[in-house]
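Asker: Here's a structure for you.
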Amino acid sequence: MLFRALVLSTVAALTACGGGNSESSPQPQAQARLQQAADGAIVSGLAGVAIEHLSAADTTQALAGLRQVGATPKVQAGDAFMIGSTTKAMTSALAGRLVEQGRIGWATTLADALPDLAAAMKPVYRGITLEQLLSHRGGLPAFTGVDDVARFQAYLLAQTAPLPATPLGRERFFAAWLLAQDPPTGVTPGQTFVYSNAGYALAALMLETRTGRAFADLFEQELAKPLGMTVTWTLADATFVNRPVGHVGARGGLKPLPPEDADTAAWLDVLRASGQGTTISPDSYATWVRWHLRALRGEVTPLPSSYVQRLQALKAGDYALGWIAADIDGRAVLVHNGADRGFSSLLVVDTRGRSASFAFTNSEADDGAWVLSALNETLLAIERALPPTT
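Here is the structure:
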């Protein structure tokens, strides 16, 4: 059984380069600039792309490319994409809403939230907090590459007793194994930044245990509905019909990614809170982004205030709650990227809430680099061409 890793490449290149539907009609200049950028992204090698730019009042969209390389259907308005690790901010906002309801705290520890696992977990993990997990300071294995995956795969294959057959059973089985592992070499849990998809899986299990509700149900009822978003979850064994298909490969050599087997898909689902299978349309994602613009401008929104305050306090290079602080030509922004099952995404939000841009593509680089570079160049050009005006 192959337990495929999720991969995050940082968006340092962006710094080094120095609501849903439109609230009013987009300006012709913005529409033309976005379409030019989308067309250019396809020329750079992407299969298909959807780009949106949000100003304080307008939302502008451009589409280009194909749902599947070698087929004729083009990317359509309303098509859903898998967004990978840009989901992490959503998981963090969900946690913040539960914190504000008093159901868990940012400082709640793994030992407190998972008492039945506390005795067997490594002592260094017992005091790790929810916020530390969501800011990648839990000191846990990353699950962004083949080594961690291979170790867990070997453990699964070595089991003689039946493996758990329910989602919660697999989540707790994975958590128990994970918390019995030593931290990566040179890593001090609670202090060292180590990007970890597995840490988000533990954070989700903490939320589930404290509420008695499955993560997907919590996400829908406590985040998606209050914010007016439509989010679905795509298992890795899904066959795509009448929607964009994920592609992986080198530039000029993208190929559709075949589905995983059902057993692999079931185990991959334990990483759902980190971005495994998150599926959303660009317009629905724009709703998520616009709430952030409003919150960053100081307006009252469904986003938890403690979550927003932490984002506002970030300095360039910092990471917290699913966001990286960066800058574009000296202008402070929040960014994140994601990759999952042949799809990639990149988002940039002005920290003063004046504008944002994001791009979705049904393309993922085999080396983790060229697709992100193409998205980075695309959004950087848009942000420079359409700077905030207020």
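Sequential numbering of the sequence shown, starting at 1, is according to full-length UniProt numbering.
Cβ coordinates follow ideal geometry from the N, Cα and C atoms, glycine included.
None of the values given here were measured: they were computed from a predicted structure.
Write down the C-beta distance between A203 and A119 rounded to the nearest angstrom, noting that I regard them as a contact closer than 8 angstroms.
Answerer: The residue you call residue 203 lines up with position 203 of the sequence shown. The residue you call residue 119 lines up with position 119 of the sequence shown. Actually they are not in contact, since the Cβ atoms of A203 and A119 sit about 21 angstroms apart, beyond 8 angstroms.
Asker: Beta-carbon within less than 6 angstroms of P388's beta-carbon, same chain only, minus the 5 sequence neighbours each way: which residues are those?
Answerer: Reading the sequence shown from its first residue, position 388 is the one you call residue 388. Around P388: D350, R354, S355.
Asker: Between I382, Q153, T72, which has its C-alpha nearest D263's C-alpha?
Answerer: Here residue 263 is taken as the residue at index 263 of the sequence shown, counted from 1. Of I382, Q153, T72, the residue nearest in Cα terms is Q153.
Asker: If I follow the unbroken beta strand (DSSP E) through F358, where does it start and stop?
Answerer: Counted from its first residue, the sequence shown places residue 358 at position 358. Looking at the DSSP string, the run of the beta strand (DSSP E) that includes F358 is 356-361.
Asker: To the nearest angstrom, how far is the alpha carbon of A313 from that of P259?
Answerer: As a position in the sequence shown, residue 313 is number 313, starting the count at 1. As a position in the sequence shown, residue 259 is number 259, starting the count at 1. About 41 angstroms.
Asker: Assuming A275 contacts S85 (C-beta within less than 8 angstroms), just tell me the rounded distance between them.
Answerer: For the purposes of this step, residue 275 is identified with residue 275 of the sequence shown, where counting begins at 1. For the purposes of this step, residue 85 is identified with residue 85 of the sequence shown, where counting begins at 1. The residue asked about is misnamed: residue 275 is Gly in this sequence, not Ala. 4 angstroms between Cβ atoms; contact.
Asker: Just how far apart, CA to CA, sit N21 and P256?
Answerer: As a working mapping, residue 21 is identified with position 21 in the sequence shown. As a working mapping, residue 256 is identified with position 256 in the sequence shown. At N21 the pLDDT is 38, less than 50, meaning the model places this residue with poor confidence; the figure from the coordinates comes in the next sentence. Spanning the two alpha carbons is a distance of roughly 30 angstroms.
Asker: Just the Cα atoms here: how many angstroms apart are T59 and Q31?
Answerer: Mapped onto the sequence shown, residue 59 falls at position 59. Mapped onto the sequence shown, residue 31 falls at position 31. Cα-Cα distance, rounded: 10 angstroms.
Asker: Does DSSP classify I83 as helix, strand or coil?
Answerer: If you number the sequence shown from 1, residue 83 lands on position 83. I83: coil per DSSP, three-state reduction.
Asker: Please return the same chain residues whose Cβ sits closer than 6 angstroms to the Cβ of E131, not counting the five positions on each side in sequence.
Answerer: What you label residue 131 is simply residue 131 of the sequence shown in a count that begins at 1. W106.
Asker: Quick one, are the C-beta atoms of L205 and R151 less than 9 angstroms apart?
Answerer: Residue mapping note: residue 205 aligns to position 205 of the sequence shown, counting from 1. Residue mapping note: residue 151 aligns to position 151 of the sequence shown, counting from 1. Cβ atoms of L205 and R151: not closer than 9 angstroms.
Asker: Comparing alpha-carbon positions, which option in L379, V270, G298, D329 lies nearest F143?
Answerer: Within the sequence shown, numbered from 1, the residue matching residue 143 stands at position 143. Considering only alpha carbons, the answer is V270.
Asker: Taking Cβ to Cβ, would you say K88 is nearer than 9 angstroms to G368?
Answerer: By one-based count along the sequence shown, residue 88 stands at place 88. By one-based count along the sequence shown, residue 368 stands at place 368. For K88 and G368, no; Cβs fall outside 9 angstroms.
Asker: Skipping 5 residues on each side, what residues in its chain have a beta carbon closer than 8 angstroms to that of R170?
Answerer: If you number the sequence shown from 1, residue 170 lands on position 170. These residues qualify, in order along the chain: L163, P164, A266, W267, D269, V270.
Asker: In chain order, what residues of the same chain have a beta carbon less than 6 angstroms from the beta carbon of A198, not counting five sequence neighbours either side?
Answerer: For the purposes of this step, residue 198 is taken as the residue at position 198 of the sequence shown. Same-chain partners within the cutoff: L140, P141, F143, L178.
Asker: Under 7 angstroms Cβ to Cβ from R251, same chain only, skipping five residues before and after it: list those, please.
Answerer: As a first step, residue 251 must be located in the sequence shown, where it is residue number 251. The answer, listed in chain order, is G45, W370.
Asker: Since I382 and L34 are thought to touch, with beta carbons under 8 angstroms apart, how far apart are those beta carbons, to the nearest angstrom?
Answerer: For the purposes of this step, residue 382 is identified with residue 382 of the sequence shown, where counting begins at 1. For the purposes of this step, residue 34 is identified with residue 34 of the sequence shown, where counting begins at 1. Going by Cβ atoms, the distance from I382 to L34 rounds to 7 angstroms, so yes, they are a contact pair.
Asker: Near T361, what residues of its chain come up, given a Cβ to Cβ distance below 6 angstroms and the 5 sequence neighbours on each side ignored?
Answerer: Counting from one through the sequence shown, the residue named residue 361 turns up at place 361. Contacts found: L46, V49, S344.
Asker: Buried or exposed for Q221, going by 16 or more other Cβ atoms inside 10 Å?
Answerer: Start at 1 with the first residue of the sequence shown, and residue 221 comes out as number 221. Classification of Q221: exposed, given that the 10 Å Cβ count is below 16.
Asker: Output yes or no for whether 9 angstroms exceeds the beta carbon distance between D340 and I83.
Answerer: For the purposes of this step, residue 340 is taken as residue 340 along the sequence shown, with counting starting at 1. For the purposes of this step, residue 83 is taken as residue 83 along the sequence shown, with counting starting at 1. Cβ atoms of D340 and I83: closer than 9 angstroms.
Asker: Quick check on this structure: which residue in A161, V75, I51 has the alpha carbon closest to the alpha carbon of V241?
Answerer: The count along the sequence shown starts at 1 and reaches residue 241 at position 241. When each option's Cα is compared against that of V241, the closest is V75.
Asker: Around the C-beta of A158, are 16 or more other C-beta atoms found within 10 angstroms, so that it is buried, or is it exposed?
Answerer: Here the question's residue 158 lines up with position 158 in the sequence shown. It counts as exposed.
Asker: Closest to E100 by C-alpha separation, out of Q61, P302, T287, D112, would be which residue?
Answerer: For the purposes of this step, residue 100 is taken as the residue at position 100 of the sequence shown. Taking only the C-alpha atoms, the option nearest E100 is P302.
Asker: Could you compute how far the alpha carbon of S306 sits from the alpha carbon of T108?
Answerer: By one-based count along the sequence shown, residue 306 stands at place 306. By one-based count along the sequence shown, residue 108 stands at place 108. If you take the alpha carbons of S306 and T108, they lie about 15 angstroms apart.
Asker: Please report the distance separating the alpha-carbon of residue 431 from that of R137.
Answerer: Outside the shown range of the chain (1 to 390) lies residue 431, about which nothing can therefore be said.
Asker: Whole angstroms is fine: what's the gap from Q191's alpha carbon to L110's?
Answerer: Locating residue 191 in the sequence shown gives position 191, counting from the first residue. Locating residue 110 in the sequence shown gives position 110, counting from the first residue. Spanning the two alpha carbons is a distance of roughly 15 angstroms.
Asker: Considering only C-alpha positions, which residue in the set A236, A325, Y155 is nearest to A316?
Answerer: Residue mapping note: residue 316 aligns to position 316 of the sequence shown, counting from 1. For A316, the nearest C-alpha among the options comes from A325.
Asker: Alpha helix (DSSP H) containing D39: first to last residue?
Answerer: Here the question's residue 39 lines up with position 39 in the sequence shown. Taken as a continuous stretch (DSSP letters only), the alpha helix (DSSP H) holding D39 covers 28-43.
Asker: Quick check: the Cα distance between P226 and A161, rounded to an integer number of angstroms?
Answerer: For the purposes of this step, residue 226 is taken as the residue at position 226 of the sequence shown. For the purposes of this step, residue 161 is taken as the residue at position 161 of the sequence shown. Each residue's Cα considered, the two are about 42 angstroms apart.
Asker: So H292 is in the alpha helix (DSSP H); what residue range does that whole segment cover?
Answerer: The count along the sequence shown starts at 1 and reaches residue 292 at position 292. First-last of the alpha helix (DSSP H) with H292: 282-296.
Asker: My understanding is that T378 touches I42, with C-beta atoms under 8 angstroms, so please give their C-beta distance in whole angstroms.
Answerer: Counted from its first residue, the sequence shown places residue 378 at position 378. Counted from its first residue, the sequence shown places residue 42 at position 42. Not really, about 10 angstroms apart at Cβ, beyond 8 angstroms.
Asker: Nearest-angstrom Cα distance between F174 and P304?
Answerer: For the purposes of this step, residue 174 is taken as residue 174 along the sequence shown, with counting starting at 1. For the purposes of this step, residue 304 is taken as residue 304 along the sequence shown, with counting starting at 1. When rounded, the distance between both Cα atoms is 29 angstroms.
Asker: Near A214, which residues of its chain fall below 8 angstroms by C-beta distance, leaving aside the five closest residues on each side in sequence?
Answerer: Here residue 214 corresponds to residue number 214 of the sequence shown, with the count starting at 1. If we look at A214 and ignore the five residues flanking it on each side, its Cβ neighbours are P167, L168, E208.
Asker: Could you check whether D39 and A64 sit closer than 9 angstroms to each other, using their CB atoms as the reference points?
Answerer: On the sequence shown, position 64 is the one that residue 64 refers to. On the sequence shown, position 39 is the one that residue 39 refers to. Cβ distance < 9 angstroms, so A64 and D39 count as in contact.
Asker: Do the CB positions of R297 and A56 come within less than 9 angstroms of each other?
Answerer: For the purposes of this step, residue 297 is identified with residue 297 of the sequence shown, where counting begins at 1. For the purposes of this step, residue 56 is identified with residue 56 of the sequence shown, where counting begins at 1. Cβ atoms of R297 and A56: closer than 9 angstroms.
Asker: Please classify D116: is it buried, with 16 or more other beta-carbons within 10 angstroms of its beta-carbon, or exposed?
Answerer: The residue you call residue 116 lines up with position 116 of the sequence shown. Under this definition D116 is an exposed residue.
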